[in-house]
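Undergrad:
Numbering (the working numbering), first residue to last: 68 to 421.
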């Protein structure tokens, strides 16, 4: 088996998957048959201790963030390690996912900088100072309750908000994290050129130009109409200014035309200039896509949060669950029931048992 894996790496095209989660960044290389041939992981707390995180995040009261430069350095490290043990030039395509709801705020001039990166320097060295918010709000944050109430009031209640965006207002959803930045750090908000989710931040780095958020991960923001697949006009203006230009237009994962990888990665790591970068999506939509769920299928994921995921072409959003656009079928939707901190409950239950 080891010989076959080695032979595959020598003769076959390779494909790279990247996952930026709460605790780590993982890279997995496969062949066209999805045989895993190579993998690397950068654990944020273990491998990048200078960012002083606890399992990849920083908690101050109910505010929870992750350093955006830590994510970038993790990508630097993972690709550096892979380039020493894998023929990077054989990688024909890159896809991936990111933790849902987290937001990244780039300064004006960021897009121009991406097109002019110095390949003799790391991404961290190239991009330091190009983020208007250096600590990215993530899904564990629960500091935006009052802002959630304001949104539900604006949209005539939680049920009406859910009927349009697929969910009632939740603290961790991107809309409220963005709202908090707009209210409390107005100068930084005004300096922001683009607001990205973690999922479109990664391919933006890899292509050297802004990449749109996909419909499915965009559904986890409380800003997207999950039926028309457009930003909700009333919500775009609740920030004191129209934020649509800062978000860009969302696109379909299934119809997005892959982009060529940036010359920076070609020159620094040896990627083929013809390597294609697909649109990334969120971790939960990726679970559905990876398992090829069809209508009326259901899966249960027991992780940091417990998540029940299914898909259907006949959905009725309510305040009791989440409904997202389906990442692999534009005519269908996926539904999610999520229980945060479920693993902690299991741990405590096991701890008190005699």
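Every residue gets a Cβ at the ideal spot worked out from N, C-alpha and C, and that includes glycine.
Comparing C-alpha positions only, which one of 403, 333, 348 sits nearest to residue 364?
TA: 403
Undergrad: Give me the Cβ distance between residue 292 and residue 279, rounded to the nearest whole Å; I'm assuming they're in contact under 8 angstroms.
TA: 16 angstroms between Cβ atoms; not a contact.
Undergrad: Can you tell me the Cβ-Cβ gap for residue 210 and residue 259, rounded? I've got them flagged as a contact below 8 angstroms.
TA: Residue 210 to residue 259, Cβ: 19 angstroms. No contact.
Undergrad: What residues are listed by DSSP as bridge partners for residue 281?
TA: 318
Undergrad: Take the Cβ of residue 146 as the centre, count every other Cβ of all protein chains shown within 10 Å, and call the residue buried at 16 or more, exposed below.
TA: buried
Undergrad: Would you kindly work out how many angstroms separate the C-alpha atoms of residue 407 and residue 416, rounded to a whole number?
TA: Distance between the alpha carbons of residue 407 and residue 416 is about 15 angstroms.
Undergrad: For residue 352, does the count of other Cβ atoms within 10 angstroms reach 16, so buried, or fall short, so exposed?
TA: buried
Undergrad: What residue does the alpha helix (DSSP H) around residue 335 start on, and which one ends it?
TA: Note, residue 335: alpha helix (DSSP H), 330-336.
Undergrad: In this structure, does DSSP put residue 263 in helix, strand or coil?
TA: strand
Undergrad: Are the segment 373-380 and the segment 181-189 touching by the rule of at least three beta carbon pairs closer than 8 angstroms?
TA: no
Undergrad: Please go through the same chain and pick out, in chain order, the residues whose beta-carbon is closer than 7 angstroms to the beta-carbon of residue 249, but skip the five residues on each side of it.
TA: 256, 306, 307
Undergrad: Taking C-alpha atoms, which residue in 323, 277, 287, 330 lies nearest to residue 315?
TA: 277
Undergrad: Counting Cβ pairs closer than 8 angstroms, one from the segment 135-153 and one from the segment 103-117, do we hit at least three?
TA: yes
Undergrad: State whether the segment 333-344 contacts the segment 282-298, with contact taken as three or more CB pairs (one from each stretch) at a distance under 8 angstroms.
TA: no
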